[in-house]
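Protein chains in written order, with numbering that gives the first Met the number 0: chain A, 0 to 97; chain B, 0 to 486; chain C, 0 to 489.
No residue lacks a Cβ here, since even glycine has one placed at the ideal position from N, Cα and C.
These figures come from a predicted structure and were not determined experimentally.
Since the structure comes first, as structure tokens, the remarks are kept for the end.
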Amino acid sequence: MKIINDKIVQHVTHLARIELDASSTKAFTRQLERILEYIKKLQEVDIEGIEPTSHPLKLSNVTRDDIPSASLTQEESLSNAPDSQNGFFKVPKIIESK
Amino acid sequence: MELYSLGIKELGNKLKKGEITSADICKSLLERIERINPKINAYVNLDLGFLQKKAKESNVSSYNNFLAGIPLAIKDNICVKGELTTCASRILSGFRPPYDATVIQKIKKSNAIPFGKVNMDEFAFGSSTETSCYGPVCNPWDLSRIPGGSSGGSAAAVASDIAVAALGSDTGGSIRQPAALTGVVGMKPTYGRISRYGLLAFASSLDQIGPIAKTVEDCALLLSVISGYDTKDSTSVNTGIPDFQSTLSNPIKGMKIGIPKEYFKKIGIEKDVYERIEESIRLFSNLGAEIIDVSLPHTEYAISTYYIIASSEASSNLARYDGVQYGLRLKDASTTMEMYKKTRNMGFGNEAKRRIILGTYALSSGYYDAYYLRAMKVRTKMLRDFEEVFKICDCLLTPTSPTVAFKMGEKLEDPLSMYLSDVFTIPVNLAGLPAISIPCGFSKAKGTELPIGLQLIGNYFKENLILQIAYNFEQKAQVYKIKPEGL
Amino acid sequence: MHTNENGKHEAVIGLEVHVQLLTKTKIFCSCKNEFGHLPNTLSCPVCLGLPGSLPVFNKEVLKLVIKIALALNCEISNLMKFDRKNYFYPDLPKNYQISQYDLPVAKNGFLEIASEGKAKNIRIRRVHLEEDAGKLVHDDNRTGDSFVDFNRTGTPLAEIVSEPDIFSPEQAYDFLKGLKNTLLYIDVSDCNMEEGSLRCDANVSVRKIGEKKLGTKVEVKNMNSFKAVKSALEYEIKRQIDILNAGNAIAQETRLWDADKQKTFGMRSKEETEDYRYFPEPDLVPFNISSLYINDIQKTLPELPSQKTERFITKYGLDKKTTDFIISDKYMADFFEQCVALCGDSKKVANWISGSIAMEMNSRNVDFLMLTIRPEQIADLINLVDSQTISATTAKKVFSEMLETKELPSLIVDSKKLGQVSGEAELSAIIDNVLNRNEKSITDYLAGKQQAFSFLIGQVMKETSGKANPQVVSKILMQKIKNKKAGKNE
């Protein structure tokens, strides 16, 4: 059974919100298949009883005080907006709900 | 000697003595940039008028620190307020951040000058600087070859004397490998040593900003200024900044240098690379260091582990590039879904898309345990390998890259072979350790003289130790004085 | 238990409540945690999710969420971490939300509520932290475009998830009221559904009575008040039962409550189950929560509703039902104690609260705070009645008046001359008058008709515009009637 196929790539690109054309999907599927075959190596390692590492350093309890500081102005916040109106960012129609 | 050919230390001395002004340095650089940059494409969004203005306005009056008045090239993934910061990606076209990265604030505070943005692989995904939306960077030693990546622009600019020094970023070797392939010094500090606030994230648990410079001493000087705890970065470490410079010339007699056998398998390493490294090991012995054979047993899993973790984190970090607030947006999209999907397809290059797809896959339901979780556990095992060897060594010595600079286009269509060129640098990021690449010789096997770098890996927060070891080697080997010709 | 007419099915409900926490700044950045500002004026690179920005955790948020965990009797984790919940939506700047997945702050707690006159524990599955998203405004009329305001992104949220221990819409309502009250007591949130500082989603399924397995779960969203939650659940339960009775299956879906149409509607687009691809947030480090820290916070907790209930019953000698009512609103409970401190009579204060005040709240459909009564007013009113300055009937009139004018009752009584007439001489004369005009009633009363006496009192009250002291009138009337009888018999 293949690790990855066109259908899986289509599902994943939907999750990642990238619309590939058919030939790109095929090309990526092939390349990813090779990469995933290589990555299979990881299955050899004995990970019984091993804790995962999500941070290379053992830091903990980093916090800040509840003291306000200045925000960006509306102009600064919107300075790179592709489309804005009356102080809001404007986006096209949203069909799906959360 | 032309000003553009000098480093931070020498220029700093001249500035202090009043022999030159920072405007003089900028002028010298700008003339050379205008001539050389079209050949190597190191600088992007180059606005000569803007830089000339900056040069004129740089009226630094006091030179009370060694970086004052020095112009520095900044990799295009570090935010400079009001200046184009695009990660060499179409999807960030036109983006001017309303804030400075912490490292830029530190640079400005020390009166150094952020002077131009340099080219990189798109979003730092790459080992050759071929995936940039601005076109590839050419290796100053041979324009038909790549300079390494992803900080290829930073390294090429320094190597060809169109930058005094530069900032790069390193997630899997992106500072060290291009430094090795272009014959300059590049360092990735300990994770947490330098603030990531303002660095456009690739893989949050692996990324670090670092210096790329002409000499080890310059590297140490730049590192001193940009290091330090930042309250805006929860992963930055609250440890004092040692004086990286004052211990450089201390002798290294008696220091224990470990040679991990897994990094010295002859298959996969080019002959010249192998020979230069062996010569370097002998040189270290002559300097009085003790050479010890060690083992890092899980090295063979580094690339797999890295690509799962890095791609997964990247797929999430890059989700924000969606056309809503900044950058590219598909015109006349009828729904936000269409806007997202088409903008991201148009805006990201192939390697970026590949990594996002791989990362999304590795995190997705049904695959998380087999990929991401497993990779995090193998990472733990790799960390323990390093912990063991650092009980008996002061540092480790390895080749930085298994090959010299390869030809443009050679590996572009074969992502896996591109990934394999990071084999010696990746484990360092997984562990979060500091490492430096220094020039150790050349290869003539491909017709032109191509640089080779050696890597020194230190224990956590031991940058001053590896700098010292690197400095001693550099001063003895004198390789750094050789520069590319014919530009 | 909520069943249909046949009594065949029962409902099982779980609630997910999000509360905005009362900190000065947002959860991961130092922007002010306020609302009502012009759009996109309360954001920074961090809460806008600008490239290169990084989160830093606000320590005050941890304090407040631990208060919640303690008040809900939860087990608090010694190790807490954050995770990324990945999904795309225009109000989510990073297209991931920093939340908590497998190591939340707290779990396995409970909230005791009063439901249908009995105490019931609703178990709390978990309490965790997350950042709020921005606000979307939809332009449905013209182009269909939407407008985004990121001021709200990064507001700290505590998500409180109940187990499916709720079996009726009334219980859901009681749970929400009880939860709100508890959270108000510990001062962690405004808990105002209308303003959005408390939000609630429901998961509801139905099953045949006696069936152990849960039915297909439907998620209901977009309910904007506690009453809406009750109505939505009533509608949804009936809808599901009707489907099952027709022999069909219930679709697992998310439905929105439409307050105008009073119905739930399935969402327009077909929803596939979202894959949130949770993984540990690499930009934040884990948190060790020590027992010492938890104990320190425990010491700062004010008296919780359950503790107050016990104390009120013991100290003030109130019955459980009255106490439950007074405790059900933090401000009412505080008010009660302030009144008792002024006038010393807990029973009378309790009567006023559970009587006239409760009626007023009901008829106006408002919470206690909206009446803006001062403790001095009630204490004054009680004193006036105690000293017989006014009658109980007059007191009710004065109460209504004082709600309107906000004045002290004494002032109202004086200015409107509502003082009770208690003078025996004055009353004697009036009573004589009444007796003289109502000979028949005297005869009726002496013949055994009790209501004739009431009638006579009524006449005296009429003569005095209600100001006569009824006890004094009664006493004098009785005396005079006796005298008349004696006189007759002589």
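message: For a test of the three-state rule: what should DSSP assign to P135 of chain B, helix, strand or coil?
response: coil
- prompt: Of all the CB atoms in chain B, is at least one closer than 8 angstroms to the CB of R33 of chain A?
  reply: yes
message: I want to verify the contact list: residues of chain A whose CB lies under 9 angstroms from the CB of N57 of chain C, in sequence order.
response: T62, R63, D64 and D65
query: In whole angstroms, what separates the C-alpha of I425 of chain B from that of G172 of chain B?
result: 6 angstroms
query: Hey, is V377 of chain B's beta-carbon within less than 8 angstroms of any beta-carbon in chain A?
result: yes
- request: Using 10 angstroms around the beta-carbon of M401 of chain C, count the other beta-carbons present and answer buried if the total reaches 16, otherwise exposed.
  value: buried
task: Compute the Euclidean distance between the alpha carbons of S83 of chain A and N150 of chain C, then round it to the nearest angstrom.
output: 15 angstroms
query: Any residues in the stretch 13-46 of chain C with a beta carbon nearer than 7 angstroms to a beta carbon of chain A? Which ones, in chain order?
result: T22, K23, T24, S29, C30, K31, L37, P38, N39, T40, L41, S42 and C43
- prompt: Between T189 of chain B and chain C, is there a C-beta pair that is closer than 8 angstroms?
  reply: no
- request: Would you mind working out which of C:A340, C:D101 and C:G116 sits nearest E280 of chain C, comparing C-alpha positions?
  value: C:D101
message: Classify A118 of chain C: buried if its beta carbon has 16 or more other beta carbons within 10 angstroms, exposed otherwise.
response: By the neighbour-count definition (other C-beta atoms within 10 Å, threshold 16), A118 of chain C is an exposed residue.
R198 of chain C in three-state terms, based on DSSP: Judged by DSSP in its simplified three-state form, R198 of chain C adopts strand.
message: By the DSSP assignment, the alpha helix (DSSP H) with S427 of chain C in it spans what residues?
response: E423 to R436
field: Contact between the stretch 317-335 of chain B and the stretch 393-407 of chain B (3+ Cβ pairs under 8 angstroms)
entry: Output reads no: the stretch 393-407 of chain B does not touch the stretch 317-335 of chain B.
field: Unbroken beta strand (DSSP E) run spanning A444 of chain B, endpoints
entry: Counting along the chain, A444 of chain B falls outside any beta strand (DSSP E), and DSSP gives it neither H nor E.
Length-filtered (4 minimum) alpha helix (DSSP H) runs lying within the stretch 235-322 of chain B: 270-285 and 301-316
field: Host beta strand (DSSP E) of G365 of chain B (start-end)
entry: In the DSSP annotation of this structure, G365 of chain B is not part of any beta strand (DSSP E), being labelled neither H nor E.
message: My assumption, with CB atoms under 8 angstroms, is that S452 of chain B sits in contact with A434 of chain B. Please give the rounded CB distance.
response: Reading the sequence as shown, one finds Gly at residue 452 of chain B and not Ser. No, G452 of chain B and A434 of chain B are not in contact; Cβ-Cβ is about 11 angstroms, not under 8 angstroms.
- request: Kindly indicate if chain B contains any beta-carbon less than 8 angstroms away from that of K93 of chain C.
  value: yes
task: Residues of the stretch 365-390 of chain B with a CB closer than 7 angstroms to any CB of chain C: list them in chain order, please.
output: Residues of the stretch 365-390 of chain B with a Cβ closer than 7 angstroms to any Cβ of chain C, in chain order: Y371.
task: Let me know the secondary structure DSSP gives A10 of chain C once reduced to three states.
output: strand
query: Based on Cα-Cα distance, which residue from B:S159, B:L180 and B:G148 lies nearest to G167 of chain B?
result: B:G148
query: What is the DSSP secondary structure of T322 of chain C, counted as helix, strand or coil?
result: helix
task: Could you tell me whether the Cβ atoms of I159 of chain C and I12 of chain C are closer together than 8 angstroms?
output: no
query: Are the C-beta of K92 of chain A and some C-beta of chain C separated by less than 8 angstroms?
result: yes
Environment of K314 of chain C [buried if 16+ CB atoms lie within 10 Å]: exposed
- request: In angstroms with no decimal places, state the Cα-to-Cα distance between D64 of chain A and M79 of chain C.
  value: 19 angstroms
- prompt: What are the boundary residues of the alpha helix (DSSP H) that includes P414 of chain B?
  reply: P414 to L419
field: L432 of chain B versus L372 of chain B: straight-line alpha-carbon distance, rounded
entry: Answer to the nearest angstrom: the Cα atoms are 22 angstroms apart.
query: List, in order along the chain, the chain C residues whose C-beta lies closer than 8 angstroms to that of P96 of chain B?
result: P44, L49, P50 and G51
message: Comparing C-alpha positions only, which one of C:R254, C:S421 and C:L232 sits nearest to E9 of chain C?
response: C:L232
- prompt: In the stretch 4-22 of chain A, which residues sit with their C-beta less than 7 angstroms from some C-beta in chain C, listed in chain order?
  reply: L14 and R16
field: Residues of the stretch 350-361 of chain B whose Cβ lies closer than 7 angstroms to any Cβ of chain A, in chain order
entry: Of all residues in the stretch 350-361 of chain B, K352, R353, I355, I356, L357, T359 and Y360 have a Cβ within less than 7 angstroms of some Cβ in chain A.
- request: Compare the C-beta of M0 of chain A against all C-beta atoms of chain B and say whether one is closer than 8 angstroms.
  value: Note that M0 of chain A scores 48 on pLDDT, short of 50, meaning its location in the model is unreliable; the coordinates nonetheless yield the value given after this. So, not an interface residue.
- prompt: Helix, strand or coil: how does DSSP classify M0 of chain C here?
  reply: Note that M0 of chain C scores a pLDDT of 47, beneath 50, so its modelled location is shaky; the value from the coordinates is reported in the next line. Reduced to three states, the DSSP call for M0 of chain C is coil.
message: Which residues in chain C have a C-beta closer than 7 angstroms to the C-beta of L232 of chain B? List them in chain order.
response: It is worth fixing the name first, because residue 232 of chain B is Asp in this sequence and not Leu. By Cβ distance, chain C contributes L53.
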